[in-house]
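Engineer:
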Amino acid sequence: MPNNGATNRPYSGSNVLLLWHAKLEKGYKTSNWLTYRQAHELGGQVRKGEKSTEILFTKQHTVKDNQTEVEKRISFLRTYNVFNEDQIDGLPDRGVEILPSVDPRRRCVHQGDLGQHLGGNRTFYDTSCDRIHLPDPSQFRTAEHFYATNLHESVRWSGRAHRLGDASV
Numbered sequence: 001m002p003n004n005g006a007t008n009r010p011y012s013g014s015n016v017l018l019l020w021h022a023k024l025e026k027g028y029k030t031s032n033w034l035t036y037r038q039a040h041e042l043g044g045q046v047r048k049g050e051k052s053t054e055i056l057f058t059k060q061h062t063v064k065d066n067q068t069e070v071e072k073r074i075s076f077l078r079t080y081n082v083f084n085e086d087q088i089d090g091l092p093d094r095g096v097e098i099l100p101s102v103d104p105r106r107r108c109v110h111q112g113d114l115g116q117h118l119g120g121n122r123t124f125y126d127t128s129c130d131r132i133h134l135p136d137p138s139q140f141r142t143a144e145h146f147y148a149t150n151l152h153e154s155v156r157w158s159g160r161a162h163r164l165g166d167a168s169v
């Protein structure tokens, strides 16, 4: 999932689609995005000539009418321009391994004897086809999250009766 490279907060709503599209279109390797100011505060510098991606921010505020003393909630929409970490030089190494992205047009990848499907946005073990479903590794915050989730689902996969043999022994 796309996330803010300064706060590690995942983006949501339409921003996910906007940032996925930009990542795919421009071929970025990371899913981390920062504003120009955030990059500067972390010691980075957006390379000259790089173009930002516009995202949306919505928020609701409660305001009080000074004349009637009535409170009401109002919404506002604001845009922000963000840059992918691949567009920024000098960011500190945070010790996070960046996993390679799987081409979304290639939805199914089988790894050895473990039937695994990479793609989609859910993680689960499908008993009907005996296959583990995992999102693309780039959608996880870190490599460790991806491998831990993969291991968890692999335990479910390995517990099938036909793999356990005679459990009474």
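The sequence shown maps to residues 1 to 169 in the UniProt record's numbering.
The beta-carbon is built from N, C-alpha and C at its ideal position, and this holds for glycine as well.
(1) So, under 8 Å CB-CB, Gly5 and Gly43 are touching, yes? Tell me the CB distance rounded to an integer number of Å.
(2) For Gln45, collect the residues of the same chain with a Cβ closer than 6 Å to its Cβ; drop the 5 residues on either side in sequence, then sort them by chain order.
(3) Can you grab the Cα-Cα spacing for the pair Cys108 / Gln116, in whole Å?
(4) Where does Ser75 sit, in a helix, a strand or coil, going by DSSP?
(5) Please classify Lys23 as buried or exposed, where buried requires at least 16 other C-beta atoms within 10 Å of its C-beta.
(6) Helix, strand or coil: how does DSSP classify Asp126 here?
(7) Where does Asn121 land, buried or exposed, given buried means 16+ other C-beta within 10 angstroms?
(8) Please name the residue or residues paired with Pro10 in a DSSP beta bridge.
(9) Residue range of the alpha helix (DSSP H) that Gln38 falls in?
(10) In chain order, what residues of the same chain lie with their CB nearer than 7 Å to the CB of Val16, ignoring the 5 residues before and after it?
(11) Do the CB positions of Asn84 and Tyr28 come within less than 8 Å of each other?
(12) When we look at the beta-carbon of residue 192 and count the other beta-carbons within 10 Å, is it buried (16 or more) or exposed?
(13) From which residue to which residue does the beta strand (DSSP E) around Gln60 run?
(14) Exposed or buried, which one is residue 173 when buried takes at least 16 other CB atoms within 10 Å?
(15) Buried or exposed: which applies to Arg63, given that a residue is buried once 16 or more other Cβ atoms fall within 10 Å of its Cβ?
(16) Among residues of its own chain, excluding the 5 on either side of Trp20, which ones have a beta-carbon nearer than 8 Å to its beta-carbon?
(17) In whole angstroms, give me the CA-to-CA distance for Arg160 and Asp130.
Structural biologist: The answer reads as follows:
(1) Cβ atoms of Gly5 and Gly43 stay farther apart than 8 Å, at about 12 Å.
(2) The answer, listed in chain order, is Asp89 and Gly90.
(3) At Cys108, the pLDDT of 39 sits below 50, so the modelled position is not reliable; the number obtained from the coordinates is stated separately. A direct Cα-to-Cα measurement between Cys108 and Gln116 gives close to 8 Å.
(4) Of the three classes helix, strand and coil, the one that applies to Ser75 here is strand, per DSSP.
(5) It is buried - the Cβ of Lys23 has at least 16 other Cβ atoms within 10 Å.
(6) DSSP places Asp126 in the strand class (E or B) of the three-state scheme.
(7) So Asn121 ends up on the exposed side.
(8) Paired residue(s): Asn3.
(9) In the DSSP assignment, Gln38 falls within the alpha helix (DSSP H) that extends over Tyr36 to Glu41.
(10) Answer for Val16: Met1 and Pro2, listed in chain order.
(11) Their beta carbons are under 8 Å apart, which means Asn84 touches Tyr28 by this criterion.
(12) The requested residue 192 is not part of the displayed model; the chain covers only 1 to 169.
(13) Run containing Gln60: Thr53 to Lys64, per the beta strand (DSSP E) assignment.
(14) No answer is possible for residue 173: the residues shown for the chain start at 1 and end at 169.
(15) Looking at the sequence shown, residue 63 is not Arg but Val. With fewer than 16 Cβ atoms within 10 Å of its Cβ, Val63 is classed as exposed.
(16) Apart from sequence neighbours up to five positions away, the residues of its chain that approach Trp20 with a beta-carbon distance below 8 Å are Pro2, ordered along the chain.
(17) One alpha carbon belongs to Arg160, the other to Asp130, and they sit about 9 Å apart.
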